[in-house]
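So that you can map any letter, position 90 of the sequence shown is 90 in my numbering, and since no number is skipped, the others follow by simple counting.
Ideal Cβ placement from N, Cα and C applies to all residues, glycine included.
To start, the structure itself, in structure tokens.
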Amino acid sequence: MKTAETESPLLGIIMGSRSDWETMRHASETLEKLGVPHEVEVVSAHRTPDKLFHYAETAEERGLQLVIAGAGGAAHLPGMVAAKCALPVLGVPVQSKALNGMDSLLSIVQMPAGIPVATLAIGRAGAINAALLAASILGNSHPRIRQAVAEYRLRQTESVLAHPDPRRP
Ligand code: RP5
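Take a look at the structure:
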């Protein structure tokens, strides 16, 4: 049976800097848990603009169905990817040091009408939810992924119900 690592990637996780990995690894780890094959790469909108254009222009033909893009500060990566390809783009605002991620959030969420970016929460929660949202979307055409999302949510519910007393582990 093919695994998430050997199958062709269905989605790409990109981020503006290696420093974003501490946040974006949560998206990758969540996709691993769900068995969703994906690729991960640093692609900076301002430090490697030509690479960004090439990535966005070839994403669809390489078989990607979605892109998760994380960036911090003046976070134009998700919007630029969305502008250069027709795939759905999920944006994750990385928590910046100077402004705690409010700059990242507003940069990503305030896209002018015409080029959408689905924007998640700042930081780890946003990265995890981007992966879950991506898996839910892919689940519409991949029953195995839909089942994996359902099982993830069931385990989450059971875990909360099994530990109702917050004083105990
Ligand atoms: C953005 O600038 C990146 O997404 C990162 O969040 C931020 C800081 O990058 P580094 O200076 O840590 O490389 O492009």
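Could you spell out where the alpha helix (DSSP H) holding residue i opens and where it closes?
i    : result
A254 : In the structure displayed, the chain extends from 1 to 169; residue 254 sits before or after that span and is not available.
G123 : Element bounds for G123: n/a, residue is neither H nor E.
K51  : P49 to A59
V117 : No alpha helix (DSSP H) contains V117, which DSSP labels as neither H nor E.
If you compare alpha carbons, which of the options is closest to residue i?
i    : options                  : result
W21  : L52, T157 and V42        : V42
R25  : N140, G123, L161 and G35 : G123
R62  : P143, Q156 and E7        : E7
L31  : T119, G139 and V117      : G139
Y152 : A82, A86, P116 and G35   : G35
R144 : P164, E29, I13 and P37   : P37
A113 : A83, I137, A130 and G126 : A83
G12  : V81, A75, R47 and G72    : V81
Check whether the Cβ of residue i lies closer than 7 Å to any heavy atom of the ligand RP5, and answer yes or no.
i    : result
S107 : no
G72  : yes
M24  : no
M15  : yes
D20  : yes
S159 : no
A75  : yes
S44  : yes
V171 : With the chain covering only 1 through 169, there is no way to say anything about residue 171.
V94  : yes
Using 10 angstroms around the beta-carbon of residue i, count the other beta-carbons present and answer buried if the total reaches 16, otherwise exposed.
i    : result
T3   : Model confidence at T3 stands at a pLDDT of 48, short of 50, so the residue's coordinates are unreliable; what they give is reported in the following sentence. By the 10 Å Cβ count, T3 comes out exposed.
S159 : exposed
M1   : Low confidence applies here, because M1 scores a pLDDT of 40, under 50, leaving its location unreliable; read the following figure in that light. With fewer than 16 Cβ atoms within 10 Å of its Cβ, M1 is classed as exposed.
G70  : buried
L77  : buried
S107 : buried
S96  : buried
P9   : buried
A86  : exposed
L99  : exposed
P93  : buried
Let's see if you can read the secondary structure: which residues bound the beta strand (DSSP E) around residue i?
i   : result
V94 : V89 to V94
H76 : Careful: H76 lies outside any beta strand (DSSP E) and carries neither H nor E.
V40 : H38 to V42
L11 : L11 to M15
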